[in-house]
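Q:
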Amino acid sequence: MAVHFFMAWAVDAEFTGVAITGLDKFAFIGVGLVISLLSWVALTRPRVRANEDGVQVRNIIGTRYYPWVVIYGLSFPKGSRMARLELPEFEYVPLWAIQSGDKERALKAVDDFRALEAQYMPQD
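The sequence shown begins at 5 in my numbering and counts up one residue at a time.
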């Protein structure tokens, strides 16, 4: 956002042969606001909810519900950026809510999920 404010100020600092209007300056700020808003939504939207019925995964785009009978478990592959929910036929769903950059918080989320998994997931 700060870059867009700076560009709105600096774009008209010196005449370069291009006509810059006030609308152009506001457009820089508007684009910065849109990018900031989309980034904020993308970073705050992901969520994982688990209960006795199943797991609801809300990633950046869309929300999906998976009953415990179709879940094979939670994995966090080495070198991976985020955890994933293992599904039948080698499919998986990335869990944007549990990312490796969260460190201790991610470990606690995985432990909490595995406790619920042990309690509610049917034994084959």
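Just so you know, even glycine gets a beta-carbon here, dropped at the ideal spot from N, CA and C. Keep in mind that this is a model prediction, so the values were computed, not measured.
Rounded to a whole number of angstroms, what is the C-alpha to C-alpha distance between G105 and P92?
A: Position 101 of the sequence shown holds residue 105. Position 88 of the sequence shown holds residue 92. Computed Cα separation, rounded: 28 Å.
Q: Please classify F30 as buried or exposed, where buried requires at least 16 neighbouring CB atoms within 10 angstroms.
A: Along the sequence shown, read from residue 1 onward, the residue named residue 30 stands at position 26. F30 should be labelled exposed.
Q: If you draw a straight line from the C-alpha of I64 to the C-alpha of Q103, how long is it?
A: Taking the first residue of the sequence shown as position 1, residue 64 is located at position 60. Taking the first residue of the sequence shown as position 1, residue 103 is located at position 99. The alpha-carbon atoms of I64 and Q103 are separated by roughly 13 Å.
Q: Going by DSSP, what residues sit across from L89 in a beta bridge?
A: Within the sequence shown, residue 89 is the residue found at index 85, counting from 1. According to DSSP, L89 bridges with L78, V97.
Q: For a quick check, are the C-beta atoms of A54 and L120 less than 8 Å apart?
A: Here residue 54 is taken as the residue at index 50 of the sequence shown, counted from 1. Here residue 120 is taken as the residue at index 116 of the sequence shown, counted from 1. Yes. Within cutoff.
Q: Under 8 Å: do the stretch 67-83 and the stretch 19-38 share three or more Cβ pairs, one atom per stretch?
A: Verdict: no, contact absent.
Q: Determine the contact status of E75 and V61, defining contact as a CB-CB distance below 8 Å.
A: Reading the sequence shown from its first residue, position 71 is the one you call residue 75. Reading the sequence shown from its first residue, position 57 is the one you call residue 61. Reading the sequence as shown, one finds Ile at residue 75 and not Glu. Result no, Cβ atoms of I75 and V61 do not sit closer than 8 Å.
Q: Identify whether G58 lies in helix, strand or coil by the three-state DSSP scheme.
A: Position 54 of the sequence shown, counting from 1, holds the residue named residue 58. Strand, per DSSP.
Q: Excluding the 5 residues flanking V114 on each side, which residues of the same chain have their C-beta closer than 7 Å to its C-beta?
A: For the purposes of this step, residue 114 is taken as the residue at position 110 of the sequence shown. L78, F80, A87, I102, listed in sequence order.
Q: In three-state DSSP terms, what is T25?
A: Reading the sequence shown from its first residue, position 21 is the one you call residue 25. Residue state, collapsed to three classes: coil.
Q: Select from L41, L89, W13, R118 the residue whose C-alpha is nearest the C-alpha of F32.
A: Along the sequence shown, read from residue 1 onward, the residue named residue 32 stands at position 28. Looking at the Cα atoms, W13 is the closest of the given residues.
Q: Considering just the uninterrupted stretch of the alpha helix (DSSP H) at R109, what are its terminal residues?
A: Position 105 of the sequence shown, counted from the start, is the residue given in the question as residue 109. First-last of the alpha helix (DSSP H) with R109: 108-124.
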